[in-house]
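Below you'll find the structure, written out as structure tokens, and then a few comments.
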Amino acid sequence: MSAPQTDVETQKKRHRIALWGSVLTALFGFVLIMWWVIEEAASVDSPEGADVRIDGRTGEEIQADEPAPVEEPQ
């Protein structure tokens, strides 16, 4: 069964405040989530570096105070 009175314009006028409340709530939630994501991304600590590095070519351990090996272009 359908509703006996389906005047869309009248219903739109009656529910205007509730619709705007829903829109503002969704917008507030979106802004809050975006702020949270940006804040988390901005506050990530960058890695300091390891005491021991592994040379990818040989698998040899290299102390961090030694300079990193420079790969020559081929």
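Numbering (this note's numbering), first residue to last: 1 to 74. All C-beta atoms in this analysis are idealised placements derived from N, C-alpha and C, irrespective of residue type, glycine included.
- Across the structure, Ile62 and Ala26 are spaced so that their CA atoms are roughly 53 Å apart.
- A direct Cα-Cα distance of roughly 17 Å separates Asp51 from Asp45.
- For Gln11, the enclosing alpha helix (DSSP H) begins and ends at Val8 to Arg14.
- Under the three-state reduction of DSSP output, Glu40 falls in the helix class.
- In this structure, the alpha-carbon of Ala42 lies about 39 Å from that of Arg16.
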